[in-house]
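Here the sequence shown is numbered in the working numbering, starting from 1 and rising by one per residue.
Built from N, CA and C at the ideal position, the CB exists for glycine as well.
All values derive from a computational prediction rather than experimental measurement.
Some notes on the structure that comes next.
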Amino acid sequence: SGIDLPLCLVGRDPTPAMQRAAEGDAAVTITGAVETIAPYLAGNSIAVLPITIGGGTRLKILEAFAAGCPVISTGKGAEGIDVEHGKNVLLAESDADFVEAIRSLVNDPRTSARIGQGGYETVVQSYSWDAAARAGNATLDGLVT
């Protein structure tokens with residue numbers, strides 16, 4: 001049985017295949033580029049990031065974490081970020097894994113809230129301005145002693 005949920009594909013340069021797949025389906029919205037992703041991370045959203053290529057820090061995950069939005073990502077998509085499957089993210093590698101992860105969060109709001117809270121705590125503890133200031137002060141303290 002399928003999952004009957006609205007889907008927003010948010011981001012610049014949606015592919016022609018994405019656009020064709022969404023044609024005539026009122027449950028699918030393709031936004032193209034947006035000024036801010038915040039409204040799409042609010043409420044009962046789940047951030048699904050099936051990233052398989054690229055490098056650098058994954059700011060999309062950190063944005064979702066900061067919004068308290070539960071995240072499902074590939075290992076590649078979470079590369080460089082302090083993640084732990086089941087604590088602050090659900091990791092998935094195949095289409096079937098993504099479907100199962102989405103289903104688990106939709107069917108268990110407590111787990112969804114726990115994963116979202118875990119992501120939020122990760123941002124506050126490790127990626128916020130306060131965390132950067134703490135790290136900078138610790139470095140300076142080490143140089144002075």
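Per DSSP, cross-strand counterpart(s) of residue i
i, result
"serine 73", "Leu49, Leu91"
"isoleucine 30", "Leu9"
Residue i versus residue j - alpha carbon distance
i, j, result
"proline 70", "leucine 59", "15 Å"
"glycine 32", "alanine 42", "18 Å"
"isoleucine 115", "alanine 17", "31 Å"
"aspartate 95", "alanine 38", "26 Å"
"glutamine 125", "glycine 24", "44 Å"
"valine 28", "alanine 21", "9 Å"
"isoleucine 102", "glutamate 93", "13 Å"
8 Å Cβ shell around residue i - same chain, five flanking residues per side excluded
i, result
"leucine 62", "Ile81, Val123, Tyr127"
"arginine 12", "Gly32, Ala33"
Exposure of residue i, with buried meaning 16 or more beta-carbon neighbours within 10 Å
i, result
"glycine 77", "buried"
"glycine 119", "buried"
"leucine 5", "exposed"
"asparagine 107", "exposed"
"serine 112", "buried"
"leucine 105", "buried"
"leucine 7", "exposed"
7 Å CB neighbourhood of residue i in its chain, flanking five on each side removed
i, result
"threonine 52", "Thr74, Lys76"
"aspartate 97", "none"
Cβ shell of residue i (< 6 Å), same chain only, five flanking positions each side left out
i, result
"alanine 26", "none"
"alanine 64", "Leu41, Ala47, Val71"
Any 3 or more C-beta pairs closer than 8 Å across the stretch 40-54 and the stretch 71-90: yes
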